[in-house]
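Participant: Per our numbering, residue 13 is the first one in the first sequence, and the count goes up by one each step. I have a structure here, written as structure tokens, and I will follow up with some questions on it.
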Amino acid sequence: MPELPEVETVRRGLEQRFVGRRIVGVEVGRERSVRRTSREEVIARLTGTTPVAARRRGKYLIVDLDSGDEMMIHLRMSGQVLIDAPANPRPPHTHVVLTLAGRPSEELRFVDPRTFGEVVVYDPASASDVVPELSRLGPDPVTEGLDLAQLRAALASTARAVKAALLDQSLVAGIGNIYGDEILHRARVHPKRPARKVSRDQARRLHVSIHEVLNEAIAKGGSTLDDAQYVDLMGEAGSYQENHLVYGRAGQRCLSCGRGFVLSGTIGGRTSSWCGVCQR
DNA sequence: AAACAAACCTGTGCGC
DNA sequence: TGCGCACAGGTTTGTT
13 MPELPEVETV RRGLEQRFVG RRIVGVEVGR ERSVRRTSRE EVIARLTGTT PVAARRRGKY
73 LIVDLDSGDE MMIHLRMSGQ VLIDAPANPR PPHTHVVLTL AGRPSEELRF VDPRTFGEVV
133 VYDPASASDV VPELSRLGPD PVTEGLDLAQ LRAALASTAR AVKAALLDQS LVAGIGNIYG
193 DEILHRARVH PKRPARKVSR DQARRLHVSI HEVLNEAIAK GGSTLDDAQY VDLMGEAGSY
253 QENHLVYGRA GQRCLSCGRG FVLSGTIGGR TSSWCGVCQR
């Protein structure tokens with residue numbers, strides 16, 4: 013579900029409503045959500061601490077705690093982070109609950125029907141052992157910047173389809189299936205083109221599109237599809253889905269050229285959509 | 001190296 | 001209305 017824009021929207025919510033509020037209680041319902049360590053470890057490391065910053069790298073949320081530990085949250089396909097009053101009923105599949113100090117007290121809830129997502133709390137000194145994937149992430153286009161030369165080098169490094177390359181988190185961090193399709197469409201690049209064969213001009217357009225699409229999506233609070241799986245901390249839906257030009261539009265007329273139709277197929281194991289006329 | 005499938009789970013939408 | 005199947009925003013692992 014959530015890609016860079018959705019995770020960034022959640023991060024902003026955490027910065028506003030979570031950072032600075034002491035964690036006075038921790039409940040772990042389903043241990044699978046904290047499987048990387050254990051229920052006991054998460055409770056011990058979180059209780060009594062205060063979050064001091066909320067960061068993001070690609071689709072990974074990282075909260076710095078005043079204890080010196082870090083909490084990593086990955087939403088995977090169906091995770092949500094919600095904040096609400098303890099008196100309000102917890103949604104189904106609420107697996108981790110942090111009770112926050114303050115009047116009124118509130119709860120930060122990790123909700124995740126499919127339980128692919130997870131919460132990990134660890135000493136940053138052992139990050140390379142506990143969360144090794146963080147060190148394998150490529151540059152985040154929004155927080156770290158991704159310049160044209162970096163993008164060209166990343167594309168030149170693989171013979172896979174350019175769509176697969178954009179979704180490879182070790183090349184560029186944060187792009188998922190929706191934004192990959194939208195970025196390629198805006199750049200007018202065919203998703204099946206071998207990454208290595210992307211021309212200079214195409215790379216330039218991709219570079220611009222990556223930044224434009226991601227930033228516009230962040231400005232709209234991300235994309236909330238029909239199933240409303242993604243909502244922000246306050247339960248609010250995003251609206252960038254209204255701007256999707258190809259994702260989820262297979263078979264319909266292309267909104268960009270008005271001539272072609274949106275085609276679909278599998279690329280790198282993921283369903284992809286593109287316009288047969290404007291993407292080359 | 002890359003293509004592919006399967007795995008991790010649950011919910012939803014669709015055809016019959 | 002109910003059943004079975006396909007499929008879903010992600011990532012890792014193992015097999016060709």
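Glycine included, each C-beta is placed from N, C-alpha and C at the ideal position.
(1) According to DSSP, what are the bridge partners of THR4?
(2) Skipping 5 residues on each side, what residues in its chain have a beta carbon closer than 6 Å to that of GLN214?
(3) Quick one: residues in its chain with C-beta nearer than 7 Å to the C-beta of THR236, no 5 flanking neighbours on either side, listed in chain order?
(4) Is the number of C-beta pairs between the segment 42-57 and the segment 91-111 that are closer than 8 Å three or more?
(5) Hey, HIS86 and GLY129 are a contact pair by Cβ (cut 8 Å); roughly how many whole angstroms apart?
(6) What's the gap between the Cα of VAL289 and the Cα of ARG216?
(7) Could you tell me if LYS175 is buried or exposed, where buried requires 16 or more neighbouring beta carbons within 10 angstroms of its beta carbon?
(8) Is VAL220 helix, strand or coil by DSSP?
(9) Do PHE30 and LEU120 have their CB atoms nearer than 7 Å?
(10) Could you check where the alpha helix (DSSP H) with ALA65 kicks off and where it finishes?
(11) Which complete alpha helix (DSSP H) runs does the segment 169-235 hold, if anything under 4 residues is left out?
(12) Determine the closest residue to GLY91 out of LEU149, ARG67 and GLU15, with distance taken between C-alpha atoms.
(13) Return the chain-ordered list of same chain residues with a C-beta closer than 7 Å to the C-beta of GLY247, the five sequence neighbours on each side being excluded.
(14) Starting from ASP244, trace the alpha helix (DSSP H) in both directions and tell me its first and last residue.
(15) Would you mind sorting PRO203 into buried or exposed? The rule is 16 or more other CB atoms within 10 Å of its CB.
(16) Compare the beta carbon distance of VAL220 and ILE195 with 7 Å and say whether it is the shorter of the two.
(17) On the premise that ASP78 lies in contact with TYR134, defined as a C-beta separation below 8 Å, what is that separation, rounded to the nearest angstrom?
(18) Go ahead and pull the three-state DSSP assignment for ARG15.
(19) Nearest CA to the CA of CYS266: which residue from HIS197, HIS223, ARG292 and ILE230?
(20) What residue does the alpha helix (DSSP H) around LEU77 start on, and which one ends it?
(21) Counting pairs of beta carbons, one from the segment 179-188 and one from the segment 144-160, are three or more of them closer than 8 Å?
(22) Can you tell me the Cα-Cα spacing of SER50 and THR278, whole angstroms?
(23) Helix, strand or coil, according to DSSP, for GLU156 in the structure here?
(24) Can you name, in chain order, every residue of its own chain whose Cβ lies under 6 Å from the Cβ of ASN189, other than the five neighbours on each side?
(25) Rounded to whole angstroms, what's the CA-CA distance from ILE74 to ARG271? Just pull it up for me.
(26) With 16 as the cutoff for other CB atoms within 10 Å, does PRO17 come out buried or exposed?
(27) Considering only C-alpha positions, which residue in the set GLU53, SER284 and ARG205 is nearest to ASP8?
(28) Going along the chain, which residues of its own chain have a beta-carbon closer than 7 Å to the beta-carbon of LEU245, five neighbours each way excluded?
(29) Runs of 4 residues minimum, wholly inside the segment 20-59: which ones carry the alpha helix (DSSP H) assignment?
Facilitator: With the structure as the only source:
(1) Residue 4 is absent from the model: the chain starts at 13 and stops at 292.
(2) VAL201
(3) TYR242, VAL243, ALA249, GLY250 and GLN253
(4) With a cut-off of 8 Å, the segment 91-111 and the segment 42-57 count as touching, because enough Cβ pairs lie within range.
(5) About 6 Å; that satisfies the 8 Å criterion.
(6) 20 Å
(7) buried
(8) helix
(9) yes
(10) No alpha helix (DSSP H) contains ALA65, which is instead part of the beta strand (DSSP E) from 63-69.
(11) 174-179, 189-199 and 212-231
(12) GLU15
(13) LEU94
(14) Taken as a continuous stretch (DSSP letters only), ASP244 belongs to no alpha helix (DSSP H), as it is neither H nor E.
(15) buried
(16) no
(17) 15 Å between Cβ atoms; not a contact.
(18) What sits at residue 15 in the sequence shown is Glu, not Arg. Reduced to three states, the DSSP call for GLU15 is coil.
(19) HIS197
(20) From DSSP, LEU77 is part of no alpha helix (DSSP H) but of the beta strand (DSSP E) over 72-77.
(21) yes
(22) SER50 and THR278 have their C-alpha atoms some 37 Å from each other.
(23) Look at GLU156 here: in three-state DSSP terms it is coil, with no helix or strand label.
(24) ARG282
(25) 44 Å
(26) buried
(27) Because the chain is modelled from 13 through 292, residue 8 falls outside the range shown and cannot be assessed.
(28) VAL22, GLY25, LEU26, ARG29, VAL93, LEU94 and ILE95
(29) 51-58
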